[in-house]
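In this note's numbering, the protein residues as written are 71 to 233.
Where is the CB? At the ideal position from N, CA and C, for every residue including glycine.
From a predicted model like this one, the values you see are computed outputs, not experimental measurements.
Structure below.
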């Protein structure tokens, strides 16, 4: 039986499956929205979902890949733990977050969207000044060379073979 690893938005949207796990950080996030979750959905999750803390070795592996793809600046700690938990438990990540899907693709982790299409390409991002065009080594609020705004651009992309 497949294990589904849910991010916060998957739970808040009411995604349901037989075998569901999530990191403890997701539990902390959904507690904030308790009043917005219908009672039957909350009861369903209380009965079925299991919360875990992913092992550090999996978290570090996810960070390494996310740094390589440039998604590290787009992922929260919770996002990283969702991916790490899927890696550890050979689970299917349920998310609409494109950066999570991008990293999952690089790690050969199965994933699915529940309200939108899955990604069709894998991207590697780079940080760049929007004014002077310099590629920067890390995310700054402003370009250290010209003071311009900093953003992301696609460094490389490739089609996903099975899509």
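If we count the other Cβ atoms within 10 Å of its Cβ and call it buried at 16 or more, is residue i buried or exposed?
{"i": "residue 80", "result": "buried"}
{"i": "residue 76", "result": "buried"}
{"i": "residue 233", "result": "Legend: pLDDT at residue 233 = 47, less than 50; position of this residue unreliable, no value from coordinates given."}
{"i": "residue 290", "result": "A question about residue 290 goes unanswered here, because the residues of the chain that appear run from 71 up to 233."}
{"i": "residue 110", "result": "exposed"}
{"i": "residue 129", "result": "buried"}
At what residues does the alpha helix (DSSP H) containing residue i begin and finish?
{"i": "residue 95", "result": "94-101"}
{"i": "residue 132", "result": "126-139"}
{"i": "residue 76", "result": "Premise fails: residue 76 lies in the beta strand (DSSP E), 74-76, not in any alpha helix (DSSP H)."}
{"i": "residue 179", "result": "Element bounds for residue 179: n/a, residue is neither H nor E."}
{"i": "residue 18", "result": "Residue coverage of the chain in this structure runs from 71 to 233, which leaves residue 18 outside it and unanswerable."}
{"i": "residue 153", "result": "147-159"}
From which residue to which residue does the beta strand (DSSP E) around residue i run?
{"i": "residue 229", "result": "220-229"}
{"i": "residue 199", "result": "191-199"}
If the criterion is Cβ atoms closer than 8 Å, does the pair residue i and residue j meet it?
{"i": "residue 145", "j": "residue 83", "result": "no"}
{"i": "residue 150", "j": "residue 163", "result": "no"}
{"i": "residue 191", "j": "residue 229", "result": "yes"}
{"i": "residue 200", "j": "residue 217", "result": "no"}
{"i": "residue 161", "j": "residue 97", "result": "no"}
{"i": "residue 86", "j": "residue 114", "result": "yes"}
Cα-Cα, which of the options is closest to residue i?
{"i": "residue 198", "options": "192, 190, 211", "result": "211"}
{"i": "residue 136", "options": "73, 193, 228", "result": "193"}
{"i": "residue 226", "options": "129, 130, 110, 138", "result": "138"}
{"i": "residue 209", "options": "222, 123, 202", "result": "222"}
{"i": "residue 88", "options": "100, 101, 71", "result": "71"}
(message) Taking contact to mean 3 or more Cβ pairs, one atom from each stretch, closer than 8 Å, check whether the region 106-115 and the region 164-179 are in contact.
(response) no
(request) Decide yes or no for the touch test of the region 142-157 against the region 84-103: beta carbon pairs closer than 8 Å, at least 3 of them. (result) yes
(message) Closer than 8 Å is the cut-off here; do at least three beta carbon pairs connect the region 171-181 with the region 118-129?
(response) no
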